[in-house]
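Protein chains in written order, with my numbering: chain G, 1 to 233; chain F, 1001 to 1760.
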């Protein structure tokens, strides 16, 4: 039973999120500006905060900074109408764990909350043992012994080709692979004249391992160059 | 058979050519036969005794008769036991036969051989020439001995009767004078009487001068005066010591001896006949030729299967060249014929003439045919090179004159403008004139002083020039400063200010330039600010809209979770959900479109492989397109190894393709094919996407790229109507271009991006 603090100056939004999260079985606390949120956190145990950026009294950025200064390590998820790249980068840089833009899909919100909580509570303290057959990037873990792939601790079902493809990318995380490179490594054939098989497989993998495939966290597209797994360690 | 069929019939042409060849050959034959006559005689000489050769021969014999008479007077008689043969005599005196008789020489170097020669010539060899010389003083006479029988026969004189001078007189008067050409020479009166006449050759004193001089042994030829003897003076018979009467005439005796005169006459008859033949036949041949040629003119230039006049490459040669060729040919033929005539035997000449005829016939035929063709298609005049040159020269001249006219009028116009502009500002006029006036006055003043004391005057003049120079220097400096300022402003440094000027001429100009600069800076500032504000406004508004939209979306979702009994309410809810999500897309697109068009979007240009990007993008859309039953056909430059390096921003380029492919997904007719093609030219990489629209595209491609415009005007389908506008702005931000082509239901979009070149 985790406690989640929802902080937004729009009461209707807070109410809606309250309903969704309560339905998922979380204990939800409400706050309507930054100061209120800090007060709640200081008085009660909170496992995760959903924080709006533009708020009266104290905005989300300042709140986050204050919390991190006070050594609160709980996950902070921004929830903002600001969708520019600059805003996202700023938010993540000052210590937020995720950035959700308004208007959001309730299912995506829940998925992201769940993911953050899992990472914070269960995986956060599991250190990767020196298992040579274990490849990972952030919370994407491939166990080559059991041929299992988990994201945030949740098992993902992949076809053999998808599995091999993902393994190739995770083992060389951070490196960009072009389509022909991937094709030659996975299909073991010259890539000449191959159209978009690889791209289609990549999309399928992304749909399985990403919360929002349009804004991937792990499997990123480098347009015009290739694909890569973001190095999150 | 129609005329056209005849014109196009090859056999007719062949026939005409053959007939022309034959007729030409016939005319050449006849003309060639008539040439000897025309060369020796003039065409008007129709009687032998009027011809030049006869008359000159007659003169020769007259001279010989005179010489012979002189010999006889000297007492020479023919030697009956003469050992000289005919051939000897002729070869010995060949020179004399040609008339090279010099009176004085011959008189003093008389010899028996000479006499025998003249005797032979006049009495034995030539019975046709009658002579009778009478010394009026001694009354001795000499005549043709061989003529005796003929005289006896015609005068009815018995054989025994000797021939006296009376008989000869009678014979001459009654027979020779009536029937033959004759000439009587009277040395006492230096007169002659004759009926000889020719068309070109007239009997003049020259004809008889030699004989007269010889007989009288008078060398002063220049003083000789001759008159034509009249009938009256002849009858007076005045006797004069040592004077002669020389009767001569041409008598046809029909003797068997082949006389020189008879040979000449025979030759004349032969040539004259040929000439007559030519005169008889040539008109017919020429008539035939004209007929054939006029029919050829009708036929030439037509060919089966060719409409109008047929032309070969030969017809394109300049006409002058052809004319020159024909002239050259004529010259060559004439030269060779005259050469051959002298060098080659008469028998062979016909072969040569035939050969030349054949060669010139083909040349002339070709010339004739091409001329007729050119006339028929009205290009004859055009085919003259000189005409073309003339036309070109004329045109050039026309252009040059036009140019000169233009230049002159421009000069006048400019001068007018110069004065008008000068007087436009009164202060400038005053300033310039004042300066000039003062300077002139000063110069005159200094010169006046210079008359008094040259040193001071010249110093003053020099000072004046220095002041004027400094004045001009300052004006030039001020102008330079202004020029630099305006150049800087033009280059974009709009905050440049010109330093204030002291010069009256430039003060106002400086102030105005500074005003313009300030105005420009202000307006640029304003423009930038308004552009920024617009984007900012849209961004802020979008934030303000998004917050309530979040509530709408969430509560619609929550409502869905509540178990509604009413089915209608559920359908209403579905509409609400769909529209609220579309509102979200609309806002996002609006922000992006605003940013893209105002250029505030940050892009990172780098080297990308367009092929890779196209594959990636297609991979993203493959499933969605398959759902719509659309078949994607990808065409990449295989010859380049599917490498199209471009300088572009990856995300923006993907956004362009994404917008296009999502349009395809929305608007393409299900069950059709979608063609995605990447290729390149020398500087750009191109990407084209073609599909068949489901709805008719009754809209122009420019309109389609406007914001908020969609293929269907009803705006029922999803989408913001900004996709193509965004794509266009993004392509332009990346120094590329974006174009749409609509052709019926075919929708084609072409994106151009600059190629990445290795050396740049």
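From the three backbone atoms N, C-alpha and C, an ideal C-beta is built for every residue, glycine too.
The structure displayed is predicted, hence computed values, not measured ones.
{"query": "Give a yes or no on whether the minimum CB-CB distance between residue 1616/F and chain G is below 9 Å.", "result": "yes"}
{"query": "Name, please, each residue of chain G whose Cβ falls closer than 7 Å to the Cβ of residue 1582/F.", "result": "Ordered by position in chain G, no residue passes the 7 Å Cβ test against residue 1582/F, which lies about 12 Å from the chain."}
{"query": "Which bits of chain G does residue 1546/F rub up against, with CB to CB less than 7 Å?", "result": "81, 102 and 103"}
{"query": "Please report the distance separating the alpha-carbon of residue 1535/F from that of residue 1612/F.", "result": "33 Å"}
{"query": "Taking 7 Å as the limit between beta carbons, can you name the residues of its chain near residue 178/G, skipping five residues before and five after?", "result": "225 and 226"}
{"query": "If you run the structure through DSSP and keep just helix, strand and coil, what is residue 1220/F?", "result": "Per-residue confidence for residue 1220/F stands at a pLDDT of 49, beneath the threshold of 50, marking its modelled position as unreliable; the derived number appears in the next sentence. If DSSP states are grouped into helix, strand and coil, residue 1220/F belongs with coil."}
{"query": "How about residue 1188/F and residue 1139/F: do their beta carbons lie closer than 9 Å?", "result": "no"}
{"query": "Chain F partners of residue 71/G, CB-CB under 8 Å?", "result": "None at all; the shortest Cβ gap to chain F is about 32 Å."}
{"query": "For residue 164/G, which residues in chain F fall below 9 Å Cβ to Cβ?", "result": "Simply none; closest approach about 17 Å."}
{"query": "Within 8 Å, do at least three Cβ pairs link the region 58 to 73 of chain G to the region 1563 to 1578 of chain F?", "result": "no"}
{"query": "Excluding the five sequence neighbours on either side, which residues of its own chain have a C-beta within less than 8 Å of the C-beta of residue 213/G, listed in chain order?", "result": "203, 206 and 207"}
{"query": "Evaluate residue 1181/F with the Cβ neighbour count: other Cβ atoms within 10 Å of its Cβ, from every protein chain shown; 16 or more gives buried, anything less gives exposed.", "result": "buried"}
{"query": "In three-state DSSP terms, what is residue 1009/F?", "result": "coil"}
{"query": "So that I know if they touch, is there some Cβ in chain F lying closer than 9 Å to that of residue 179/G?", "result": "yes"}
{"query": "Counting only beta-carbon atoms, is residue 1575/F nearer than 9 Å to chain G?", "result": "no"}
{"query": "According to DSSP, simplified to helix, strand and coil, what is residue 1381/F?", "result": "coil"}
{"query": "Please report the Cβ distance between residue 195/G and residue 1634/F, rounded to the nearest whole angstrom; I am assuming they are in contact, meaning their Cβ atoms lie under 8 Å.", "result": "5 Å"}
{"query": "If the cut is a Cβ gap below 8 Å, which residues of chain F does residue 200/G touch?", "result": "1619, 1622 and 1623"}
{"query": "Find out if the Cβ-Cβ distance for the pair residue 117/G, residue 75/G is shorter than 9 Å.", "result": "yes"}
{"query": "Tell me whether residue 1223/F is buried or exposed, calling it buried when 16 or more other Cβ atoms sit within 10 Å of its Cβ.", "result": "Note that residue 1223/F scores a pLDDT of 43, beneath 50, so its modelled location is shaky and nothing firm can be said."}
{"query": "Cβ of residue 188/G within 9 Å of Cβ of residue 152/G?", "result": "no"}
{"query": "Run the CB neighbour count on residue 106/G, radius 10 Å, all protein chains shown included, and call it buried at 16 or more, exposed below.", "result": "buried"}
{"query": "Within this structure, are the beta carbons of residue 977/F and residue 1168/F separated by less than 9 Å?", "result": "Given a span of 1001 to 1760 for chain F in the structure shown, any question on residue 977/F remains unanswerable."}
{"query": "How many whole angstroms separate the CB atoms of residue 1678/F and residue 1614/F, which I take to be in contact at a CB cut-off of 8 Å?", "result": "5 Å"}
{"query": "Can you check whether the CB of residue 186/G is closer than 9 Å to the CB of residue 176/G?", "result": "no"}
{"query": "Would you verify that the beta carbon of residue 126/G is, or is not, closer than 9 Å to some beta carbon of chain F?", "result": "No answer about residue 126/G holds up, because its pLDDT of 47 lies below 50 and its placement is not dependable."}
{"query": "How would you list, in chain order, the residues of chain G whose beta-carbon sits under 9 Å from the beta-carbon of residue 1689/F?", "result": "Result: empty, since nearest Cβ-Cβ is about 14 Å, beyond 9 Å."}
{"query": "Distance check for residue 201/G and residue 1623/F, CA to CA, integer angstroms please.", "result": "11 Å"}
{"query": "Alpha carbons only, please: which of 48/G, 10/G, 44/G and 172/G is nearest the one belonging to residue 26/G?", "result": "48/G"}
{"query": "Report the start-end ranges of each beta strand (DSSP E) in the region 51 to 131 of chain G that is 3 residues or longer and not cut off at the edges.", "result": "76 to 80 and 98 to 101"}
{"query": "Could you pull the start and end residues of the alpha helix (DSSP H) that residue 164/G belongs to?", "result": "160 to 171"}
{"query": "Counting Cβ pairs closer than 8 Å, one from the region 1295 to 1307 of chain F and one from the region 1323 to 1339 of chain F, do we hit at least three?", "result": "no"}
{"query": "When you compare only the Cα positions, how much space is there between residue 51/G and residue 1630/F?", "result": "43 Å"}
{"query": "Within 10 Å of its beta-carbon, does residue 1104/F have 16 or more other beta-carbons around it, so buried, or fewer, so exposed?", "result": "Confidence at residue 1104/F is low in this model, with a pLDDT of 45, below 50, so its placement is unreliable and the value that follows should be read with caution. Answer is exposed; the Cβ neighbour count stays below 16."}
{"query": "Could you pull out every residue in the same chain whose Cβ sits closer than 7 Å to the Cβ of residue 1531/F, ignoring the five residues on either side in sequence?", "result": "1598"}
{"query": "Run down chain G in chain order and give the residues with a C-beta less than 7 Å from the C-beta of residue 1723/F.", "result": "Neighbours of residue 1723/F on chain G: none; closest Cβ ~16 Å, over 7 Å."}
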